[in-house]
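Asks: Per our numbering, the very first residue in the sequence shown carries number 2; after that it's consecutive.
We put the CB at the ideal spot given by N, CA and C, even for glycine.
Handing you this structure, nothing more for now.
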Amino acid sequence: MNHELLYQVALTQVPELGPVHARLLIEKLGSASQVFKARKKELGSVPGIGETRAGQIKAFRDFTLAEKEMAFCHKHSIQPLFITEPDYPQQLTHCYDAPVLLYYRGTAALHNNKIISIIGTRSNTSYGKQVTEELVEALKAWQPLIISGLAFGIDAIAHKAALKQQLSTVGVLAHGFNTIYPAQHQALARELVEQQGGLLTEFGKNILPDKHNFPRRNRIVAGLSHATIVIETAVKGGSMITATLACGYNRDVFAVPGRTSDTRSSGCLQLIQQNKAILLTDATQLAETMGWEAIKKPAVKMQPALFASLSGEEKNILAFMQEKRSPVRLDEICRQTALTHSAAMTILLNLELLKLIVSLPGNRYQLTSDN
Numbered sequence: 002m003n004h005e006l007l008y009q010v011a012l013t014q015v016p017e018l019g020p021v022h023a024r025l026l027i028e029k030l031g032s033a034s035q036v037f038k039a040r041k042k043e044l045g046s047v048p049g050i051g052e053t054r055a056g057q058i059k060a061f062r063d064f065t066l067a068e069k070e071m072a073f074c075h076k077h078s079i080q081p082l083f084i085t086e087p088d089y090p091q092q093l094t095h096c097y098d099a100p101v102l103l104y105y106r107g108t109a110a111l112h113n114n115k116i117i118s119i120i121g122t123r124s125n126t127s128y129g130k131q132v133t134e135e136l137v138e139a140l141k142a143w144q145p146l147i148i149s150g151l152a153f154g155i156d157a158i159a160h161k162a163a164l165k166q167q168l169s170t171v172g173v174l175a176h177g178f179n180t181i182y183p184a185q186h187q188a189l190a191r192e193l194v195e196q197q198g199g200l201l202t203e204f205g206k207n208i209l210p211d212k213h214n215f216p217r218r219n220r221i222v223a224g225l226s227h228a229t230i231v232i233e234t235a236v237k238g239g240s241m242i243t244a245t246l247a248c249g250y251n252r253d254v255f256a257v258p259g260r261t262s263d264t265r266s267s268g269c270l271q272l273i274q275q276n277k278a279i280l281l282t283d284a285t286q287l288a289e290t291m292g293w294e295a296i297k298k299p300a301v302k303m304q305p306a307l308f309a310s311l312s313g314e315e316k317n318i319l320a321f322m323q324e325k326r327s328p329v330r331l332d333e334i335c336r337q338t339a340l341t342h343s344a345a346m347t348i349l350l351n352l353e354l355l356k357l358i359v360s361l362p363g364n365r366y367q368l369t370s371d372n
């Protein structure tokens, strides 16, 4: 038996000892085994530990649970990754609250230098689906590792699109390996493991997908990635939590714009408006922002998806501007479309967010050079 691994697993099972304090102990004492062998006074002297936590560590005796966890990992080809070991994802080590122990099943390289998380609402629109699929297809040119949370909606679409493009993709779980949530994604989870992807969690085998586990899962998605892409989300929800965490970890956050009237894009627009996210239009822009090596611009763009999602009024304005082929004034647009000034300005703002038009001084607008 790997005795150090036994202590590593046991350390995560000590009551009232979270990842931040467990990491402080490891940094001070050197290893999990040394934590359990240390005297109570020595444990208590570590900043943040105190007498209560030191007492919990010294009182811990149930190493049988750790042995069962190790046996389960061996049986199901699950690799425990401890924070001090070289196989542990280095991106996560820069996060103060990183898990000290991860359980990983798969073959995707977690040390990829291009790790992108793609997240969004569980109730996506057809626009969100198309944008996700086209973005992943375009990203194939750079061979990133795609991370998401195996949830319904944008998460699952991102995983499936990555598999279709033969890109590595890893699902981060909010529970242990005895469960797959949602149950409808059991086949998808198997595909991730079997097709050069994987599944990753900090939770022991019997931990269920309880509500409070999802924010903990989200911090791994944010911390493991070099950049987080939000495709559709309301102003509240798991995707906004993940984006906020990514900002806190000093990761790049990108958001795909949508209609101002669509609540499923309201979170993306808020992230852009508050300068928490970069407005994303295509894979080349992402690669340039991330400083990836120069590469031939992919043939697939997101622009067709944007046009497909436009309302009739938005299309009418674009058609009028294409016909004019020169800057047009707001009052001209209103006369042509019979819209009020406020209604026209709302639509024009949305078209500008989609990078289809640009605003000019004097309430004038023109098409972008790509249109």
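#1: Any heavy atom of the ligand SAM closer than 8 Å to the beta-carbon of R220?
#2: Using the Cβ count rule (16 or more neighbours within 10 Å means buried), how would you classify L26?
#3: Tell me which residues share the same chain as T347 and place their Cβ nearer than 7 Å to its Cβ, disregarding the 5 neighbours each side in the sequence.
#4: Below 8 Å CB to CB, which residues in the same chain sit around L164 once its five sequence neighbours on both sides are set aside?
#5: Specify whether the region 314 to 323 and the region 279 to 296 touch according to this definition: at least 3 beta carbon pairs, one from each stretch, less than 8 Å apart.
#6: By the 10 Å Cβ neighbour count, where 16 or more other Cβ atoms means buried, how is Y97 classified, buried or exposed?
#7: Using the DSSP secondary-structure output, state which residues sit across from G338 in a beta bridge.
#8: Could you name the residues of the same chain whose beta carbon sits closer than 6 Å to that of A23, not counting the 5 residues immediately before and after it, in chain order?
#9: Along the chain, which unbroken stretches of the beta strand (DSSP E) at least 3 residues long are found entirely within the region 145 to 213?
#10: Please tell me whether F83 and L6 are closer than 9 Å, where the distance is taken between their beta carbons.
#11: If the criterion is Cβ atoms closer than 9 Å, does the pair G239 and I120 meet it?
#12: Pairing CB atoms from the region 227 to 239 with CB atoms from the region 326 to 333, are three or more of them under 8 Å?
#13: What would DSSP say about I221, mapped onto helix, strand or coil?
#14: What whole-angstrom Cβ distance do S118 and A223 have, given they're in contact under 8 Å?
#15: My output table needs one value for A60: the three-state DSSP class, helix, strand or coil.
#16: Could you check whether L225 and L93 sit closer than 9 Å to each other, using their CB atoms as the reference points?
#17: Where G56 and A110 are concerned, what is the direct C-alpha to C-alpha distance, given to the nearest angstrom?
#18: If T133 sits next to I116, beta carbons under 8 Å apart, how far is it from one beta carbon to the other, in whole angstroms?
#19: What would DSSP say about Y8, mapped onto helix, strand or coil?
#20: DSSP beta-bridge partners for Y105?
#21: Is A228 helix, strand or coil when you go by DSSP?
#22: What is the DSSP secondary structure of P128, counted as helix, strand or coil?
#23: Hey, quick one: how far does the beta strand (DSSP E) through V50 stretch, first residue to last?
#24: Is N343 helix, strand or coil when you go by DSSP?
#25: By the three-class DSSP mapping on this structure, what secondary structure does R123 have?
#26: Just tell me which of L200, L168, S343 and N351 has its CA closest to the CA of Q274.
#27: On the CB-based measure, 16 or more other CB atoms within 10 Å of its CB, does L140 come out buried or exposed?
#28: By alpha-carbon positions, which one of Y105, N219, E52 and A72 ends up nearest to H4?
#29: Report the partner residues of V254 according to the DSSP bridge assignment.
#30: Taking 9 Å as the cut-off, decide whether the C-beta atoms of L368 and L354 are in contact.
#31: Along the chain, where does the beta strand (DSSP E) containing L319 start, and where does it finish?
#32: Leaving out five residues before and five after R113 in sequence, what residues of the same chain have Cβ atoms less than 6 Å from its Cβ?
#33: Using a Cβ-Cβ cutoff of less than 8 Å, which residues in the same chain neighbour Q190 once the five nearest sequence positions on both sides are dropped?
#34: Can the beta-carbon of T229 be found less than 9 Å from the beta-carbon of D263?
#35: L30: which of L18, E86 and E43 sits nearest, CA to CA?
Replies: From the atom records:
#1: The ligand SAM is not among the ligands present in this structure, which contains no ligands whatsoever.
#2: Per the 10 Å Cβ criterion, buried.
#3: Cβ-Cβ distances below 7 Å link T347 to T261 in the same chain, with the five nearest sequence neighbours on each side left out; the list follows chain order.
#4: Taken in chain order, the residues that qualify are T170, E192, L193, Q196 and G198.
#5: The region 314 to 323 makes no contact with the region 279 to 296; the number of CB pairs closer than 8 Å stays below 3.
#6: Y97 is exposed by the Cβ-count criterion.
#7: Correcting the residue type first, residue 338 is Thr in the shown sequence and not Gly. DSSP lists no partner for T338.
#8: L12 and V101, listed in sequence order.
#9: Listed in chain order, the complete beta strand (DSSP E) runs (minimum 3 residues) inside the region 145 to 213 are 146 to 149, 170 to 173 and 199 to 202.
#10: Yes, the pair counts as a contact, with Cβ atoms nearer than the cut-off.
#11: In this structure, G239 sits near I120, with a CB-CB distance shorter than 9 Å.
#12: No, the region 227 to 239 is not in contact with the region 326 to 333.
#13: Judged by DSSP in its simplified three-state form, I221 adopts helix.
#14: Under the criterion of beta carbons closer than 8 Å, S118 and A223 qualify as touching, at roughly 7 Å.
#15: Here A60 carries a helix assignment [DSSP, helix/strand/coil].
#16: Yes, these two residues count as a Cβ contact at 9 Å.
#17: Spanning the two alpha carbons is a distance of roughly 39 Å.
#18: With a Cβ gap of about 17 Å, T133 and I116 do not count as contacting.
#19: Correct three-state label for Y8: helix.
#20: Q80 and L201, per the DSSP bridge assignment.
#21: A228: strand per DSSP, three-state reduction.
#22: Sequence inspection shows Tyr at residue 128; the Pro mentioned does not correspond to that position. Three-state DSSP puts Y128 in a helix.
#23: Here residue 50 turns out to be Ile, not Val, going by the sequence shown. First-last for I50: undefined, no H or E at that position.
#24: The identity of residue 343 in the sequence shown is Ser, whereas the question assumes Asn. S343: helix per DSSP, three-state reduction.
#25: Correct three-state label for R123: coil.
#26: Of the listed residues, the one whose Cα sits closest to Q274 is N351.
#27: Classification of L140: buried, given that the 10 Å Cβ count is 16 or more.
#28: Checking every option, the nearest Cα to that of H4 belongs to A72.
#29: By DSSP's assignment, V254 forms a beta bridge with T229.
#30: No.
#31: Careful: L319 lies outside any beta strand (DSSP E), inside the alpha helix (DSSP H) at G313 to K325.
#32: In the sequence on display, residue 113 carries Asn and not Arg. Setting aside the 5 residues that flank it on each side, N113 is surrounded in the same chain by L146, each with a C-beta closer than 6 Å to its C-beta; the list follows chain order.
#33: The question names Gln, but residue 190 in the sequence shown is Ala. If we look at A190 and ignore the five residues flanking it on each side, its Cβ neighbours are L151, G172, I181 and L200.
#34: Judged by beta-carbon spacing, D263 lies beyond the 9 Å limit of T229, meaning their Cβ atoms are not closer than that value.
#35: The closest CA to that of L30, considering only L18, E86 and E43, is found on E43.
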